[in-house]
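Before any comments, here is the structure.
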């Protein structure tokens, strides 16, 4: 993917970028396997594995999965798969031979394996408030895109544009919104606006949501089913090896009121751990330790068995959730994208949620993983390090597992007398029709305990000079005296977990911008700018990586887990890689000339 780089900086940065790449390669050679300190927060990066984004699959029309349909030679399980089935699904531990080539992990993946799949979406367009004053979308609590982009940058590769979902980049971070005082209203809504960092003629409107955080003794018991991919494609340390350690972390947080079952799938599917009390940590860990990879991937059969186990152990009023851990490379049984999503959607009414945890490189199916979680009223995360596993499954366990509100929708009505134009940053695959807001039959995203959700609108005020579109000759911006001081109106619909009827929260947004924006708005705008830059920077008005880094550094604030400091490192990495890529292209053009 080409990046917007100011030409005046290219020559001066090429040498620095080369040094960055050399240091990264040296570090990769020095640490061939992930290591962590005692608490798992600081994790050395995995050995350098090059991902060629030019070969990553980008699903332009939403039909890429159909190209993965089963061929005739896959109609019957291979002999190896039948043997796998006869050996109790092959989860019994066996010695694993080391790779024949000790340097294989430093080489790019084979072309036929380098088929990561992403769904391309154009950025949300600019709308004139006089023509379309209402914007409606489903909330999104996924964070998988940020961790996946981090994985690529740390491997020395700029991500393809389709891999970058800006809302997931923004929502990776906590913005310290005030939490609601009790569960009667499950979240608090915060609104702030200030000048846009990349365009002085517009404003950024930040809408933040903070979920209620129950006391530990108020958290209901959990009925969990680990659905683990043990197919041959998972046979690497960044897949099954990391997966085992991640689920062990989660198991260590459970108690005797919780239950865990484990289903595995490859060419065949089986139950390797019957529903077990959560305080039997050794039993759960031993079951994970015995898992070995081999065979093809019949993910659909695994999903069916996992739902059956979850229904069998269903806890009324409790947390009932399947955790699917895989690279998403389904190649046996039902492999059609729409059929897989439909299979999960039909289970939605059961009260069992589906969380997806993505692992690995080369064949990672990002689009399928994100959409399965969406269809299953769950959430999606990508696990690239033990530190990320700890963040998702330990530090944010309540947000990941415990749903406090379902089908959460946001609708913003802009006042045409005040707002000339607006655009929503991100959420391209979460947009809803205006009439869907009041339709309780339309599914939307769920929020977990303590979750934060952030949405950013870039708006141009009427007559500000920041408009990008010509006004209508016969349009009107009339407003009554009572609402002329309002920028807009925010409505939010949600359902309590046990209810099918939505409730409404609404509040007016005054036409008042902060002279000194908060650090949370400034840092969120830095993350938004970074995500937009990785997607081509169509609306950034020349706001470059140096500007983004300065904005993020100055608004970093408290950083107890180091996530914001890491973000600054990713900006530098992306900048160096973009400069190096531009330099290589210049050299190629010079050679051709």
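In our numbering, the protein residues as written are 1 to 593. C-beta atoms are modelled at their ideal positions from N, C-alpha and C, and glycine is treated no differently.
Considering only DSSP beta bridges, list what residue 127 is partnered with.
422
Whole runs of the alpha helix (DSSP H) within the segment 151-238, excluding any shorter than 4 residues:
166-170
Residue range of the unbroken alpha helix (DSSP H) whose run includes residue 536
No alpha helix (DSSP H) holds residue 536; DSSP gives it neither H nor E.
Within 10 Å of its beta-carbon, does residue 234 have 16 or more other beta-carbons around it, so buried, or fewer, so exposed?
buried
Exposure label - residue 500; buried when at least 16 CB within 10 Å:
exposed
To test your reading of the DSSP string, which unbroken alpha helix (DSSP H) runs of 4 or more residues are found completely within the segment 370-399?
386-390
Cβ atoms of residue 525 and residue 205: under 7 angstroms apart, would you say?
no
In chain order, what residues of the same chain lie with their CB nearer than 7 angstroms to the CB of residue 176, ignoring the 5 residues before and after it?
520
Hey, would you say residue 383 sits closer than 7 angstroms to residue 212, going by beta carbons?
no
Report the option in 229, 140, 431 whose CA atom is closest to the CA atom of residue 123.
431
Cα-Cα, which of 296, 277, 225 is closest to residue 271?
225
Residues bridged to residue 458 by DSSP?
204, 423
With a threshold of 8 angstroms, are at least 3 pairs of Cβ atoms found where one atom belongs to the segment 305-321 and the other to the segment 340-352?
yes
Counting Cβ pairs, one atom from each stretch, are 3 or more of them under 8 angstroms apart for the segment 164-171 and the segment 414-434?
yes
Compare the beta carbon distance of residue 293 and residue 240 with 7 angstroms and say whether it is the shorter of the two.
yes
Exposure of residue 155, with buried meaning 16 or more beta-carbon neighbours within 10 Å
buried
DSSP on residue 345, reduced to helix/strand/coil?
helix
Where residue 339 and residue 231 are concerned, what is the direct C-alpha to C-alpha distance, given to the nearest angstrom?
21 angstroms
Mind checking who residue 594 pairs with in its DSSP beta bridge?
It is not possible to answer for residue 594, since the shown part of the chain is limited to 1 through 593.
Does the segment 432-446 come within contact of the segment 187-198, defined as at least 3 CB pairs closer than 8 angstroms?
no
Per the contact definition of three or more C-beta pairs closer than 8 angstroms, is the segment 270-285 in contact with the segment 245-261?
yes
Taking residue 281 as part of the alpha helix (DSSP H), name the residues at either end of that continuous run.
281-289
Those residues which DSSP pairs with residue 529 across a bridge:
Answer by DSSP bridge pairing: none, since residue 529 is not bridged.
Since residue 121 is in the beta strand (DSSP E), which residue starts that stretch and which ends it?
Looking at the DSSP string, residue 121 is not in any beta strand (DSSP E), and its letter there is neither H nor E.
Under 7 angstroms between C-beta atoms of residue 323 and residue 355
yes
Taking C-alpha atoms, which residue in 531, 505, 180 lies nearest to residue 552?
531
With a cut-off of 8 angstroms on the beta carbons, I'd call residue 357 and residue 246 a contact; round off their distance for me.
7 angstroms
Check whether the Cβ atoms of residue 410 and residue 137 sit closer than 7 angstroms, and answer yes or no.
yes
Outcome for residue 101 when other beta-carbon atoms lying within 10 angstroms are tallied against a minimum of 16:
At residue 101 the pLDDT is 39, less than 50, meaning the model places this residue with poor confidence and gives no usable figure here.
Give every residue of the same chain whose Cβ lies closer than 8 angstroms to the Cβ of residue 216, excluding the five residues on either side of it in the sequence, and list them in chain order.
none
Could you pull out every residue in the same chain whose Cβ sits closer than 6 angstroms to the Cβ of residue 178, ignoring the five residues on either side in sequence?
188
Coil, strand or helix - residue 132 by DSSP:
coil
Cross-strand partners of residue 447 (DSSP beta bridge):
405
Do you know whose CA, among 184, 186, 129, lies nearest residue 471's CA?
129
For residue 524, write down the residues that DSSP places opposite it in a beta bridge.
Paired residue(s): none; residue 524 is not in a bridge.
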